[in-house]
Amino acid sequence: MFSDHQPRQERHTFGKNSQVDHRKKLRQRLCFGFAIFLCAAFVIVLNPSTFDYDSSALVFWTENSTTSSIGSQGSINNGDDNHISPSLSAVEAKIPSTNYNVSSSTTTTNAQIELLRPTGRTVYSYVRGDRSGAAIQDMLMAHAYAFSKGQRYGGACQRREFPDHVIQPRKELLQVLGLESEMPFRCSPTGKLMNRFKYTQQDTGIFNTPNYLEYMHAVMMQKQQQPEQQHQPKRPKQITVHIRRGDITPCRPRTNGFPRYLPNQHYLALIERYKAKLAAASSSDSDQQQPIQVVVYSESETFEPLDEFSQKGYDLRLDGSIDQVWKAIAFESDVVILSRSSFSLVPAVLSLPRTTIVYTPFWHKPLAHWDDIGTLDPVLMNTTLTEFRRLKKTCPDKAERKKQEKERKRNIKYS
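Residues in the sequence shown are numbered from 33 upward in steps of one, following the numbering used here.
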């Protein structure tokens, strides 16, 4: 009996030992894999610039992961937007950051461009499917990030083919700024694209990179050169106002905690304030006070009527050419009053140094030299919020809003 059971018991013991050995090897492999993962993470933390690129196959994942992280945090601006990478690029080493004047001399402008132009490798981003303002803002952030690393920006690549009516307005807007060669629509020969999270994590803080705006102004002014005229009459001082309306109403949900709609009262108060500032400045500079022109760009589809602006003698321009709005903001204005929109934010970032930019807080942070109304006049911001709440009470119910939105989209489709 004993001899009959002995082989069976030995076989059973051998089976248990093999299972233990298999589990032990599996644990060892898992530990080894986890150690490799920790080492890779450590390398990324120490030298993030090694991973500036994403392959084109991974860019879609990067975009989605960035979007989800923004949603979980509630805002894209939770970091310090004014933080600049401590590593000096080749561009920063060329010339110190100082107060500057863009010269009217073509030779001097060309010298500035060549002195500041990055000489590193060429990098590319991808074309966003947003509206023109947000899409060009994304390209501008990629361009600024490349500049901060001493790299050349090669352009934005269409990962999927966009129709001409989407791409052409963007090309025209860049042409108005004189940046069509600096920020083209072009793909990388290698197929590699920039990691979007890298160049958007500082938000508008990336535009504070030393010498970046000096370089962009030199490029823009190279295309704006005009022959000097003797006895050229003084132009009137100009306040340009962009009022975002159309589908933006008080009834619309907030974006990252901010209502996108700003009431008429808010713009009217800012216009009066900066008209008085310009009048005081011009009277102190000369005996003869310069005339002040107020140009308001908006849309005919609006929640509040815009008659108040025309009644005050302001030049109200509705449904005009979008490239004319950008030209006015970037080149023609002494004061620009922004809406909560990327459309006016982009030309404001690139506006000339003499221009005063009036910024009302929203999810994109202001540049360091802008007039932040949230800081300068909290009383006006409280008054604006009270007026917004009053207007919101007049909104139709949800079913009626859906019906109106459906009708609006139908009119746009067939217009």
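We put the CB at the ideal spot given by N, CA and C, even for glycine.
Note that this is a predicted model, so its numbers are computed, not measured.
{"Check": "For R184: DSSP bridge partner residues", "Outcome": "T154"}
{"Check": "Closest residue to Y346 among W358, C283, V328, P291 (Cα-Cα distance)", "Outcome": "V328"}
{"Check": "Residue span of the beta strand (DSSP E) that contains H328, given as start and end", "Outcome": "The sequence shown places Val at residue 328, rather than the His named in the question. Counting along the chain, the beta strand (DSSP E) containing V328 begins and ends at 324 to 330."}
{"Check": "Cα-Cα separation between L211 and F363, rounded to whole angstroms", "Outcome": "14 angstroms"}
{"Check": "Pick from C63, R228, C71 that is closest to G178, judged by C-alpha positions", "Outcome": "Residue identity differs from the one stated: residue 178 is Ala in this sequence, not Gly. Cα-wise, what sits closest to A178 is R228."}
{"Check": "Chain-order list of residues whose beta-carbon lies under 6 angstroms from that of F448 (same chain, five-residue window excluded)", "Outcome": "No statement about residue 448 is possible, as the shown extent of the chain runs from 33 to 447 and does not include it."}
{"Check": "Sequence-distant residues of its chain with Cβ nearer than 6 angstroms to P428 (five each side left out)", "Outcome": "none"}
{"Check": "Outcome for T272 when other beta-carbon atoms lying within 10 angstroms are tallied against a minimum of 16", "Outcome": "buried"}
{"Check": "CB of S220 within 9 angstroms of CB of Y156, strictly", "Outcome": "yes"}
{"Check": "Cut-off 7 angstroms between Cβ atoms - residues of its own chain near R160, not counting five sequence neighbours on either side", "Outcome": "A166, A167, D170"}
{"Check": "Supposed close pair N243, L399 - CB separation, criterion 8 angstroms", "Outcome": "With 8 angstroms as the limit, N243 and L399 do not qualify as a contact, their Cβ atoms being about 14 angstroms apart."}
{"Check": "Beta-carbon spacing of L423, R372 below 9 angstroms", "Outcome": "no"}
{"Check": "Within 9 angstroms, strictly: CB atoms of Q183 and P150", "Outcome": "yes"}
{"Check": "Own chain residues within Cβ distance below 6 angstroms of K307, not counting five before or after", "Outcome": "I324"}
{"Check": "From F335, D403, K181, F394, residue whose alpha carbon lies closest to that of T426", "Outcome": "F335"}
{"Check": "T236 vs H396 beta-carbon contact at 9 angstroms", "Outcome": "yes"}
{"Check": "Nearest-angstrom Cα separation, counted from L225 out to R192", "Outcome": "14 angstroms"}
{"Check": "Assigned exposure category for N414 - 16 Cβ within 10 Å defines buried", "Outcome": "exposed"}
{"Check": "Where L300 sits in the DSSP three-state scheme", "Outcome": "helix"}
{"Check": "Cβ-based burial, H175 [other Cβ within 10 Å; buried from 16]", "Outcome": "buried"}
{"Check": "Residue span of the alpha helix (DSSP H) that contains V198, given as start and end", "Outcome": "196 to 209"}
{"Check": "Span separating the alpha-carbon of F69 from that of K56", "Outcome": "20 angstroms"}
{"Check": "Coil, strand or helix - H274 by DSSP", "Outcome": "strand"}
{"Check": "Endpoints, the alpha helix (DSSP H) within which V378 is located", "Outcome": "374 to 381"}
{"Check": "Residue burial classification, E246 (beta-carbon count within 10 angstroms, cutoff 16)", "Outcome": "buried"}
{"Check": "Status (buried if at least 16 other CB within 10 Å, exposed otherwise) for K430", "Outcome": "exposed"}
{"Check": "CB contact flag (S365, T392, <9 angstroms)", "Outcome": "no"}
{"Check": "Coil, strand or helix - C189 by DSSP", "Outcome": "strand"}
{"Check": "Test item: CB-CB of Y299 and I280 under 9 angstroms", "Outcome": "no"}
{"Check": "Minimum C-alpha distance to T18 - residue among Q321, Q343, P385, R292", "Outcome": "Absent from the model: residue 18. The displayed extent of the chain is 33 to 447, so no value can be given."}
{"Check": "Pair within 9 angstroms by beta-carbon distance, T241 and S180", "Outcome": "yes"}
{"Check": "Burial state of K230 (16 or more Cβ within 10 Å)", "Outcome": "buried"}
{"Check": "Residue environment, R153, which counts as buried when at least 16 other CB atoms sit within 10 Å", "Outcome": "exposed"}
{"Check": "Enclosing beta strand (DSSP E) for T388 [first to last residue]", "Outcome": "388 to 391"}
{"Check": "Coil, strand or helix - L148 by DSSP", "Outcome": "helix"}
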